[in-house]
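Each remark here refers to the structure printed beneath this line.
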Amino acid sequence: MKTLAFLSGIVFGIGLLVSGMTDPAKVIAFLDIAGPWDPSLILVMVTAVVVALVPMQLAQRRARSLVGEKIAFPSTRGITGKLILGSAIFGIGWGMTGLCPGPSLASLAASTWQEWLFFSSMVAGMIGFELWQRMGQRTRSAPAAPLVAATSRKT
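Counting the sequence shown from 1 gives a position; our numbering is that position plus 7.
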């Protein structure tokens, strides 16, 4: 199972490199529709959707993957505040840097300080979010304090 995941990651990384998704200048030119727009990454996105469409439809009808792992899809289907906020943060970061998590990881091989700064910032953000989530879970699951403090009587 881990070998299959590793090989899938390698193929994905090679696809990002070949497509130009790891070139921040190309990505920013794609996102800048008001400037010198480069529409070439539309083909990459359309291809990704087409390749994923059939397997995703099949996976939704199954409880387990072909290798026996449980398939889990998100239970929330609506648009939430967290989804909007996360999407906005992702989009702002992508537009500012021209990198998103997958291409960032593939770009680490270039070993530029900018790539490492982005990757480190992304990991710090993930860790910060995880800690924030855990703190929120603790406060929700903590027993409520009594409203009236117990008084002690002198005997």
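Backbone N, C-alpha and C fix where the C-beta goes; we use that ideal spot for every residue, glycine too.
From the options, residue whose alpha carbon lies closest to that of residue i
{"i": "Glu122", "options": "Cys107, Leu38, Ala70 and Gly93", "result": "Cys107"}
{"i": "Met52", "options": "Gln67, Gly22, Thr119 and Leu124", "result": "Gly22"}
{"i": "Met129", "options": "Arg141, Arg147 and Ile99", "result": "Ile99"}
Within 8 angstroms, strictly: CB atoms of residue i and residue j
{"i": "Pro31", "j": "Phe37", "result": "no"}
{"i": "Arg84", "j": "Ile78", "result": "no"}
{"i": "Gly105", "j": "Ile49", "result": "no"}
{"i": "Phe126", "j": "Leu115", "result": "yes"}
{"i": "Thr54", "j": "Ala113", "result": "no"}
{"i": "Gly143", "j": "Phe19", "result": "no"}
{"i": "Val74", "j": "Leu14", "result": "no"}
Element boundaries [alpha helix (DSSP H), containing residue i]
{"i": "Ala12", "result": "Lys9 to Ser26"}
{"i": "Pro108", "result": "Pro108 to Ser114"}
{"i": "Lys33", "result": "Pro31 to Leu38"}
{"i": "Ala79", "result": "First-last for Ala79: undefined, no H or E at that position."}
{"i": "Ser94", "result": "Gly88 to Thr104"}
Three-state secondary structure assigned by DSSP to residue i
{"i": "Arg71", "result": "strand"}
{"i": "Leu65", "result": "helix"}
{"i": "Thr83", "result": "coil"}
{"i": "Trp123", "result": "helix"}
{"i": "Gly3", "result": "Past the edges of the chain, shown from 8 to 162, lies residue 3, and the structure says nothing about it."}
{"i": "Ala117", "result": "helix"}
{"i": "Ala55", "result": "helix"}
{"i": "Gly42", "result": "coil"}
{"i": "Ser128", "result": "helix"}
{"i": "Thr162", "result": "The pLDDT assigned to Thr162 is 48, lower than 50, so where the model puts this residue is not dependable, and the model offers no usable value."}
Any non-hydrogen atom of the ligand FMN closer than 7 angstroms to residue i Cβ
{"i": "Ser114", "result": "Among the components modelled here there is no ligand, and therefore nothing to report on the ligand FMN."}
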